[in-house]
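Counting from 49, one number per residue, gives the positions in the sequence shown under our numbering. Don't be surprised by glycine CBs; every beta carbon is placed ideally from N, CA and C. The structure appears below as structure tokens.
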Amino acid sequence: MSKRILIVDDAAFMRMMIKDILTKNGFEVVGEAADGIQAVEKYAELKPDLVTMDITMPEMDGITALKEIKVNNPNAVIIMCSAMGQQAMVIDAIQAGAKDFIVKPFQAERVIEAISKALG
């Protein structure tokens, strides 16, 4: 059975890129969200196996959304996505419970490696 993934990024182009990588590698993209508020709502609704979460977004950033999701779902598997130069935020995310992080622009091999590792 394919693993169900929720993609969270405020840039539609980035969501499309990562969705393309995931679907080509046998993962099922069950939903997309453009900000942290949508991410928290969609997580509760869809119960995905894994979330790819952008760090910098309007309304609610990825780290806040990560913490919100973890409150109700301590076992949530979340991988953060960030541009170069956001190392401090990545450390915050890992401390808040993120499993891994992927640097943009996405490299297919790295995305699949991080997701496979996070899902065990």
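Pick from the options: whose alpha carbon is nearest that of residue i?
| i | options | result |
| --- | --- | --- |
| M137 | Q155, T112, N120 | T112 |
| Q86 | I142, L54, A162, K165 | L54 |
| I142 | A166, L70, Q155 | A166 |
| E76 | A92, R158, K51, D57 | K51 |
| Y91 | I160, N123, D148 | N123 |
| N121 | E89, F149, Q134, I139 | E89 |
| A81 | G74, L94, T71 | L94 |
| A156 | M62, I66, V56, G168 | I66 |
| V159 | Q135, L70, E116 | L70 |
Once the 5 residues before and after residue i are set aside, which same chain residues still bring their CB inside 6 Å of it?
| i | result |
| --- | --- |
| G145 | K118 |
Given residue i, which residues of its chain have a CB within under 7 Å of its CB, disregarding the five upstream and five downstream residues?
| i | result |
| --- | --- |
| N108 | One detail in the question is off: residue 108 reads as Met in this sequence, not Asn. For M108, where only same-chain residues beyond five positions count, the Cβ hits under 7 Å are D83, G84, I85. |
What does DSSP give as the partner residue(s) for residue i in the beta ladder?
| i | result |
| --- | --- |
| R169 | This structure leaves residue 169 out entirely; the chain is present only between 49 and 168. |
| D102 | C129 |
| F149 | M128 |
I believe residue i touches residue j by the beta-carbon criterion, under 8 Å. Please report the beta-carbon distance rounded to the nearest angstrom.
| i | j | result |
| --- | --- | --- |
| M132 | D58 | Contact flag wrong, Cβ pair sits at about 17 Å. |
| K152 | M62 | 7 Å |
Legend entry - Three CB pairs or more closer than 8 Å across the region 123-136 and the region 99-106: yes
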